[in-house]
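Asks: Heads up, the final residue of the sequence shown is numbered 156 in my numbering, and it's a clean run with no missing numbers.
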Amino acid sequence: MMADRSDHLTALALATFRANGALLSAGDALTAPFGLSSARWQVMGAVVLAGQPLTVPQIARNMGLSRQSVQRLIDELQKQEMVTLAPNPHHKRARLVRLSPAGEAAYGAVMLQWNALAARLAAGMDETQVKAATEALETLCIRLDEAHPPD
Numbered sequence: 006m007m008a009d010r011s012d013h014l015t016a017l018a019l020a021t022f023r024a025n026g027a028l029l030s031a032g033d034a035l036t037a038p039f040g041l042s043s044a045r046w047q048v049m050g051a052v053v054l055a056g057q058p059l060t061v062p063q064i065a066r067n068m069g070l071s072r073q074s075v076q077r078l079i080d081e082l083q084k085q086e087m088v089t090l091a092p093n094p095h096h097k098r099a100r101l102v103r104l105s106p107a108g109e110a111a112y113g114a115v116m117l118q119w120n121a122l123a124a125r126l127a128a129g130m131d132e133t134q135v136k137a138a139t140e141a142l143e144t145l146c147i148r149l150d151e152a153h154p155p156d
């Protein structure tokens, strides 16, 4: 029984890797007209979804990425004037990242494209299966974090 579960989890991991690659390719196609990449869009989304400015370490933690990789993306977004860095009253060196007006416009435009694509992709998919897949991936992430906590 245990081998079956681990085989199923391995199949899930492989399907996730394939889906991740396909999502990144689709995201790059959606974001390219706005001078962005999937990675930059994801970082912008982390700030938007938080509903408040975040520090680079907070963004990295929320996304399960290294602080250094997020810092590189923030530096690129700042050069593009998509984000601004504000003083943080709680920490002198860890400034707060927020989207600039140009960043908000670009993010909003990409999200319109994404929402249209998501609607096309979801057509004909079983909602119960999609919810179960989401729950399985969230559980997997939690267990991976427990096994290998982020830095």
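Cβ atoms here follow ideal geometry from the backbone N, Cα and C, with glycine treated the same way.
1) Considering only the beta carbon of each residue, do A65 and V53 sit closer than 8 Å?
2) Let's see if you can read the secondary structure: which residues bound the alpha helix (DSSP H) around T139?
3) Where does P38 fall in DSSP's three states?
4) Under the three-state reduction of DSSP, which class applies to H13: helix, strand or coil?
5) How far does the alpha helix (DSSP H) with A91 in it reach, from first residue to last?
6) Provide the residue(s) that pair with L101 in DSSP beta bridges, ordered along the chain.
7) Please report the straight-line C-alpha distance between V48 and A138, rounded to a whole angstrom.
8) Drop a sphere of 10 angstroms on the beta-carbon of M130, count the other beta-carbons inside from all chains shown, and report buried for 16 or more, exposed for fewer.
9) Measure the alpha-carbon distance for S71 versus R77 and round it to whole angstroms.
10) From A110 to D150, what does the alpha carbon distance come to, in whole angstroms?
Replies: Put simply:
1) Within the sequence shown, residue 65 is the residue found at index 60, counting from 1. Within the sequence shown, residue 53 is the residue found at index 48, counting from 1. No. Outside cutoff.
2) Translated into positions along the sequence shown, residue 139 becomes position 134. DSSP places T139 in the uninterrupted alpha helix (DSSP H) bounded by E132 to A152.
3) Working through the sequence shown from its first residue, we reach residue 38 at position 33. Helix.
4) In the sequence shown, residue 13 corresponds to position 8, counting from 1. Helix.
5) The residue you call residue 91 lines up with position 86 of the sequence shown. Per DSSP, A91 belongs to no alpha helix (DSSP H); it is in the beta strand (DSSP E), V88 to N93.
6) As a working mapping, residue 101 is identified with position 96 in the sequence shown. BP columns for L101 point to A91.
7) What you label residue 48 is simply residue 43 of the sequence shown in a count that begins at 1. What you label residue 138 is simply residue 133 of the sequence shown in a count that begins at 1. Taking the straight line from one Cα to the other gives about 23 Å.
8) Here residue 130 is taken as the residue at index 125 of the sequence shown, counted from 1. Answer is exposed; the Cβ neighbour count stays below 16.
9) On the sequence shown, residue 71 is found 66 positions in, with the first residue counted as 1. On the sequence shown, residue 77 is found 72 positions in, with the first residue counted as 1. If I take the Cα positions, the gap works out to 10 Å.
10) Locating residue 110 in the sequence shown gives position 105, where the first residue counts as 1. Locating residue 150 in the sequence shown gives position 145, where the first residue counts as 1. Each residue's alpha carbon lies about 34 Å from the other.
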